[in-house]
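Chemist: Before I ask anything, let me first share the structure, which is written out below as structure tokens.
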Amino acid sequence: MSLPALAPVPAILLPLVSRAEQSLRGAVAALEGDPGLADWSTERWAEFARVGAASDFVIEQSLRDPLMLLELVRSGELDRPFAPGELCAQIAAAVQAAESEDQLGRVLRRQRTRQQVRIIWRDLTRQADLVQTCRDLSDLADACIDQAYQWLYLRHTQQFGVPTGGRSGEPQQMVILGMGKLGAVELNLSSDIDLIFAYPEGGETVGVKRPLDNQEFFIRLGQRLIKALDPMTVDGFVFRVDMRLRPYGSAGALVLSFNALEQYYQDQGRDWERYAMIKARVVAGDQAAGAQLLDMLRPFVYRRYLDFSAIEALRTMKQLIQQEVRRKGMADNIKLGSGGIREVEFIAQAFQLIHGGRDLSLQQRPLLKVLGTLEGQGYLPPAVISELREGYEFLRYTEHAIQAIADRQTQMLPDNPQDQARIAFMLGFADWNAFHEQLMHWRGRVDWHFRQVIADPDEDEGAESEVVVGGEWLPLWEEAQDEEAACRQLQEGGFVDAPKALRALAGLRGSPQLRAMQRLGRERLDAFIPRLLAQAVEHANPDLVLERVLPLVEAVARRSAYLVLLTENPGALRRLLTLCAASPWIAEQITRFPLLLDELLNEGRLFKPPLAPELAAELRERLTRIPEDDLEQQMEALRHFKLAHRLRVAASEIAGSLPLMKVSDYLTWLAEAILEQVLALAWRQTVSKHGAPLRTDGTLCDPGFIIVGYGKVGGIELGHGSDLDLVFIHDGDPQAETDGPKPIDGAQFFTRLGQRIIHLLTTQTNSGQLYEVDMRLRPSGASGLLVSSLGAFARYQENEAWTWEHQALVRARVLVGSQDVGQAFEKVRAAVLGKKRDLPKLRQEVSEMRAKMRDNLGSRLTAAGTAANAFEATAPFDLKQDAGGIVDIEFMVQYAALAWSEEHPSLLRYTDNIRILEGLEQVGLMPASDASLLREVYKAYRSAAHRQALQNEAGIITGDQFVTERREVLRIWRELGLS
């Protein structure tokens, strides 16, 4: 946000300006020589007037040491931001000159004062914005801590020896974690610094007669570091040091080993410690070891599942803060009071802790960046983020103004007119009333948004007492009423088979999973079931809802954070029940993979799956956040991405917002986006081991490889449970060796690449597998090479392939891989499919293949195809394989493409049946009425097949359906001369 323009100094502050200028002139006059005050410009005096009106601290320090201020002016440091590392270099140069710990303390304090004057000056004169000011303050703290540590560590080792690891024998350094605002690089003008000290491993010092235990060594070093930074002396202080965030707080050891820290957080870590650890950053000491420590502690902070219990804990923390605010009369505290800075932080942390284990983009420290991610990833609407961002920035500017007055650590609004005028002046307002009105506006907006995220779903702001949602069902769940009364309540709620529903609830209550639940989990379940029943009775068929949702409840009972998710989000629970009532397939998917519950939180996103470019970009972005060497996380991310987007497509189809053709488009785009990343992963892994393969001209393949899709994926007709028919083709030199440390020939390389791709796609993990893969359409089928060279593929198709293989080639297209190899493949495909054919022979071969398929795959009663009983109402109809079904239409399209593409190459442009039928109509090879009929029937069949899939049923329907359509399909079949 931008503050109002600089306001003129109000009359109430003019005496401060006059007194500051007079005092500075007097202090400078007392110095020897001509220090340069006479060179100050009108603009410089105007800046001094602003600072003099606002900050007692800057004026006091300038009068104590006028040479410091004059040097800041002369060097130009008041007029420009520091370059990266410049501030640290100044502190380091000053610290290196210290010859004793007393001198170290004096140097650090003088440097802190100098930089504090510079930072406040630039803040008050609007030369630095909020982010720059916070960064300068945090850089100052980092430099003071690290330079003091390095100076002390050297002298400490001279006295007590060098600490070494007991297992590794390596020299040990301390790791200093900055927490809170320091960790997030958000330090304010008068922050204390929250630190945690650690060291890698136990052992003892070497190089001295009487070695020290590592912990004792680092405790003494930590005490000396705090002494160098914290105490108030005649020179002031460096930073107030707060060590209470360490394990066990003030009662705990000052320094712990990595293992001790990990054990503590694993066994005893509390919710507030998770929030604190979000912002932890290595500010001094051993950076590499510190990075390892943060990796060790990350699972404590970010859970791999959706952790809605975080909201419960944040709510409790907020209540404790509110009690403290009321007890101490701190309503005017802009950090802790209603609508204050802490509420914005809580909103961001709630999303980080709930989703951060899976969405790595949320694993960052600075609040403004987290807000940007929440907007970019769709967690909160742009309008909400805009208000939170502007409100937060206004509050932080206000905080800096309050602290700039006297360098005091306070967030309380002043109650005296002079300081009130100062605050209004610093923020660009004409008077206190104008400022206060704007402040209360932002506090109101922040508080409103905070309540939307953190508020208890049972709270009713207009009521004096809490009303528990679904409370009327609690006695039934807790068996506080007899069976007859319970059944009566269920019947009155709309349950048809009340005894069965009651037995199902009793079965859940007595299940092994529930008996093994801990107390907290049981409390969450007891809060959830009444809500479930209250929403179930709102559905037309509550029996069905309960039957499909209770297995999910039982599956997640031991991971009760999922129950909290649904308890905290009534909208998500409503969408869950609606989808489960509509589709047992969706109910089964969510039960198997409860992480899909996350998708129910955002209604707009759930029913609006992204387009192909957005899909691919989202997956690329998600994978870039995972370390390249973390294959397990990459595979999980791919699987979760597929599950989530497949659920979105199914939900959209059920809601009617996505028609059949679009469903297949989205599912196909999803497969292509995944294959693109799987190929990239497999290529990277194979090349890292063996080096890159070569083409026949000696250039490197990059990758010189394509994945060709056949069948449904080739024809852009994927369904919800479709497998992938794939063929792998390369154009490398099979004999040439790769250029890596373990070279292999090109043929081996591409075979291993293909095996790697299949492994990534088909391996079962906690999130299932990506896709079933069928490679039988490759040259020579299951007995052929896994990967063919482009030349071998072309020769096989020209000389050895059967007619049915050419039929399959009609629906083949390049999914991912090298563009040049893809173009070469298209030429091969066009040449093979477009050659002149003996039409009678073609009709015979296509007919014979279709007859075999009907015999082997069709329903028993309709295997005869055109027999009289084929359309009896009692005979089932296999939508795909039976006479007049999907495959008949596909075979007609394939026959037409093979028969006439020599004369009409346009028939080969597309691989999907609908557009090929349109092409046949356009070139006059099929009457418009027949082409239109086949298109509509084909879509109707596939739509019915999709409905069957969503009901977890095979693609077989009763014989009284599609009777006319089947007869028409067979009529066209015969008119094409097929038998």
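Counted from 1, the sequence shown has number 673 at position 655 by my numbering; the numbering is strictly sequential. Ideal placement from N, C-alpha and C gives every residue a C-beta, glycine not left out.
1) From S36 to E78, what does the alpha carbon distance come to, in whole angstroms?
2) Check whether the Cβ atoms of L736 and T686 lie closer than 8 Å to each other.
3) Which of helix, strand or coil does DSSP assign to E222?
4) For the segment 749-766 and the segment 700-718, state whether three or more C-beta atom pairs, one from each stretch, are separated by less than 8 Å.
5) For G123, count neighbouring Cβ atoms within 10 angstroms of its own Cβ and tell me buried if that reaches 16, exposed if not.
6) For M250, count the other beta carbons within 10 Å of its own beta carbon; 16 or more makes it buried, fewer makes it exposed. Which is it?
7) Under the assumption that V259 contacts C162 (Cβ atoms under 8 Å), give the Cβ distance between them as a whole number of angstroms.
8) By a C-beta neighbour count over all protein chains shown, 10 Å radius and 16 as the cutoff for buried, is S675 buried or exposed?
9) Give the secondary structure of V955 by DSSP, where H, G and I count as helix, E and B as strand, and everything else as coil.
10) How is the alpha helix (DSSP H) around L90 delimited, first residue to last?
11) Determine the direct distance from the alpha carbon of A349 to that of R461, and round the result to whole angstroms.
12) I believe Q787 touches T780 by the beta-carbon criterion, under 8 Å. Please report the beta-carbon distance rounded to the nearest angstrom.
13) Using three-state DSSP, classify S807 as helix, strand or coil.
14) Touch check for the segment 934-944 and the segment 961-968: three-plus C-beta pairs under 8 Å?
15) Throw me the rounded Cβ distance for the L597 and I672 pair, which I believe falls under 8 Å.
16) With DSSP as the reference, please indicate the residues paired to H748 in a beta bridge.
17) So which of E816, A826 and Q837 has the shortest CA-CA distance to K854?
18) Going by the beta-carbon positions, is the gap between V805 and F768 smaller than 8 Å?
19) Grouping DSSP H, G and I as helix and E and B as strand, with all else coil, what is V667?
20) Compute the Euclidean distance between the alpha carbons of T884 and W991, then round it to the nearest angstrom.
21) Could you spell out the range, first to last residue, of the alpha helix (DSSP H) harbouring V193?
22) Quick one: what's A302 bridged to in DSSP?
23) Can you tell me whether T783 is buried or exposed, with buried defined as 16 or more other CB within 10 angstroms of its CB?
24) Have a look at I392 and Q165 and give me their C-alpha separation to the nearest angstrom.
25) In chain order, what residues of the same chain lie with their CB nearer than 8 Å to the CB of A56, ignoring the 5 residues before and after it?
26) Check the DSSP bridge columns for N14 and list the partner residues they point to.
27) Indicate whether the contact test is met: 3 or more Cβ pairs, each with one atom in the segment 209-217 and one in the segment 183-198, closer than 8 Å.
28) Return the CA-CA distance between A23 and G446, expressed in angstroms with no decimal places.
29) Rounded C-beta distance between L105 and L158? I'm assuming under 8 Å.
30) Is the beta carbon of A424 sitting closer than 8 Å to the one on D647?
31) Check for me: the beta strand (DSSP E) holding S275 runs from which residue to which?
32) Mind reading off the beta-carbon distance from T1002 to L230? Whole number of angstroms is fine, and I expect it under 8 Å.
33) Among the residues of its own chain, which have a CB less than 8 Å from the CB of S483, if the five just before and after it don't count?
34) Just the Cα atoms here: how many angstroms apart are Q370 and L155?
35) According to DSSP, which residues form a beta bridge with I974?
36) To which residues of the same chain is A6 closer than 6 Å at the C-beta, ignoring the five residues directly before and after it?
Modeler: On the basis of the coordinates in this document:
1) 14 Å
2) yes
3) strand
4) Flag = yes, the segment 749-766 and the segment 700-718 touch.
5) buried
6) Looking at its Cβ environment, which holds fewer than 16 other Cβ atoms inside 10 Å, M250 is exposed.
7) 11 Å between Cβ atoms; not a contact.
8) exposed
9) helix
10) From DSSP, the alpha helix (DSSP H) with L90 extends over P84 to S93.
11) For R461 and A349, the distance between alpha carbons rounds to 11 Å.
12) 5 Å
13) strand
14) no
15) Confirmed, about 6 Å.
16) F723 and S807
17) E816
18) yes
19) Secondary structure of V667 (DSSP, three-state): helix.
20) Per-residue confidence for T884 stands at a pLDDT of 46, beneath the threshold of 50, marking its modelled position as unreliable; no derived number is given.
21) Premise fails: V193 lies in the beta strand (DSSP E), V193 to G196, not in any alpha helix (DSSP H).
22) I194
23) exposed
24) Strictly speaking, residue 392 in this sequence is Leu, with Ile absent from that position. Using only the alpha carbons, I get a separation of about 36 Å.
25) Cβ within range, chain order: n/a, list empty.
26) This structure cannot speak to residue 14, because the chain is shown only from 19 to 997.
27) yes
28) 6 Å
29) Indeed, because the Cβ distance is near 6 Å, the residues count as touching under 8 Å.
30) no
31) Run containing S275: V273 to S275, per the beta strand (DSSP E) assignment.
32) The structure shown has nothing for residue 1002, since the chain only spans 19 to 997.
33) Low confidence applies here, because S483 scores a pLDDT of 39, under 50, leaving its location unreliable; read the following figure in that light. Correct list: empty, nothing qualifies.
34) 25 Å
35) Residue pairing of I974 in beta bridges, as defined by DSSP: D896.
36) Since the first residue of the chain shown is 19 and the last is 997, residue 6 is not available in this structure.
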